[in-house]
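Novice:
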Amino acid sequence: MQATILLVEDEPEVREMVSRTLSREGFDMVTAADAAEGYQRLSEKVPDLMLVDWMLPSSSGLDFVKRCKRDEFTRDVPVIMLTARAEETDRLQGFETGADDYVTKPFSPRELAARIRAVLRRTTGQDSEGIFTAGRMELNAISHRLYIDGEAVDIGPTEFRLLRFFMAHPERVYSRAQLLDHVWSRDVYVEERTVDVHVLRLRKLLKPWGCDNYIQTVRGVGYRFSVDTG
Numbered sequence: 165m166q167a168t169i170l171l172v173e174d175e176p177e178v179r180e181m182v183s184r185t186l187s188r189e190g191f192d193m194v195t196a197a198d199a200a201e202g203y204q205r206l207s208e209k210v211p212d213l214m215l216v217d218w219m220l221p222s223s224s225g226l227d228f229v230k231r232c233k234r235d236e237f238t239r240d241v242p243v244i245m246l247t248a249r250a251e252e253t254d255r256l257q258g259f260e261t262g263a264d265d266y267v268t269k270p271f272s273p274r275e276l277a278a279r280i281r282a283v284l285r286r287t288t289g290q291d292s293e294g295i296f297t298a299g300r301m302e303l304n305a306i307s308h309r310l311y312i313d314g315e316a317v318d319i320g321p322t323e324f325r326l327l328r329f330f331m332a333h334p335e336r337v338y339s340r341a342q343l344l345d346h347v348w349s350r351d352v353y354v355e356e357r358t359v360d361v362h363v364l365r366l367r368k369l370l371k372p373w374g375c376d377n378y379i380q381t382v383r384g385v386g387y388r389f390s391v392d393t394g
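To convert a position in the sequence shown, counted from 1, into this note's numbering, add 164.
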């Protein structure tokens, strides 16, 4: 359950170096050589973070990020821009497009890994060890364990993925269709009512600890995760 990183980079040497280094750092790497391939990868699985080179062939990295930010399925995915452009105006343009961070080439792979962890921690609540915390709950994405008040809770794989997504995106409302795409992936056919079944199972699992109300139904829209139950 390590974080999935989509790297969109047209230089084969850079793509290989970054992918190899970040894989050693514990990230699940998916790569694309241009924007078109990047969209294809996104259609297969929504990543936890995207690394996007500014200067891509055919369509620029900025245009790629702009399009992703307009798509309801990818607009919340954090982005780090990779570029040789170091001017302040370029950095500002990258941030205005929706980038969460900006790394100038040449860069240290270890520094890049640290910047990725910092962005994930800031945007999703996931720390450097893959641990999410919310209220009385702690979820370890690496060891695949859930703890409530320090006590281990037995949880199935689908409920774990669903809870991990909820904890990574608190206070946001997601439709059943969006949850299907994020948790089950787009290439798996599952009916929307399946989401209701697994939400019910997850609530039942959390109820003995009084945490079932963290998963809230938003009538006519979908579900929201929030520890604010007042």
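Cβ atoms here follow ideal geometry from the backbone N, Cα and C, with glycine treated the same way.
Computed from a prediction, not measured in an experiment: that's the story for all the values here.
Got a sec? Which residues, its chain only, sit under 6 Å from Asp313 by beta carbon, not counting five neighbours each side?
Specialist: Arg300
Novice: Would you tell me roughly how many angstroms separate the C-alpha atoms of Arg328 and Pro334, rounded to the nearest one?
Specialist: 10 Å
Novice: Give me the Cα-Cα distance between His308 and Phe296, rounded to the nearest whole angstrom.
Specialist: 11 Å
Novice: What does DSSP give as the partner residue(s) for Phe389 in the beta ladder?
Specialist: Ile379
Novice: Straight-line CA distance for Tyr338 to Leu284?
Specialist: 20 Å
Novice: By alpha-carbon positions, which one of Thr261, Arg340 and Glu260 ends up nearest to Gly384?
Specialist: Arg340
Novice: Applying the criterion that 16 or more other CB atoms from any shown protein chain within 10 Å of the CB defines a buried residue, is Asp217 buried or exposed?
Specialist: buried
Novice: Please look up how many angstroms separate the CB atoms of Val241 and Pro211, rounded, as I've assumed it's under 8 Å.
Specialist: 6 Å
Novice: Below 7 Å CB to CB, which residues in the same chain sit around Glu365 once its five sequence neighbours on both sides are set aside?
Specialist: Sequence inspection shows Arg at residue 365; the Glu mentioned does not correspond to that position. Excluding sequence neighbours, Arg365 sits near Glu323.
Novice: Check each candidate in Ser272, Glu315, Val382 and Leu276 and name the one with the smallest Cα separation from Val243.
Specialist: Checking every option, the nearest Cα to that of Val243 belongs to Leu276.
Novice: Please name the residue, chosen from Val194, Leu213 and Val391, that lies closest to Met331 on a Cα-to-Cα basis.
Specialist: Val391
Novice: The beta strand (DSSP E) spanning Glu315 covers which residue range?
Specialist: For Glu315, the enclosing beta strand (DSSP E) stretches over residues Glu315 to Val317.
Novice: On a CA-only basis, which of Ile306, Arg286 and Glu302 is nearest Gly294? Give me that one, please.
Specialist: Ile306
Novice: If you draw a straight line from the C-alpha of Asn304 to the C-alpha of Leu343, how long is it?
Specialist: Distance between the alpha carbons of Asn304 and Leu343: 20 Å.
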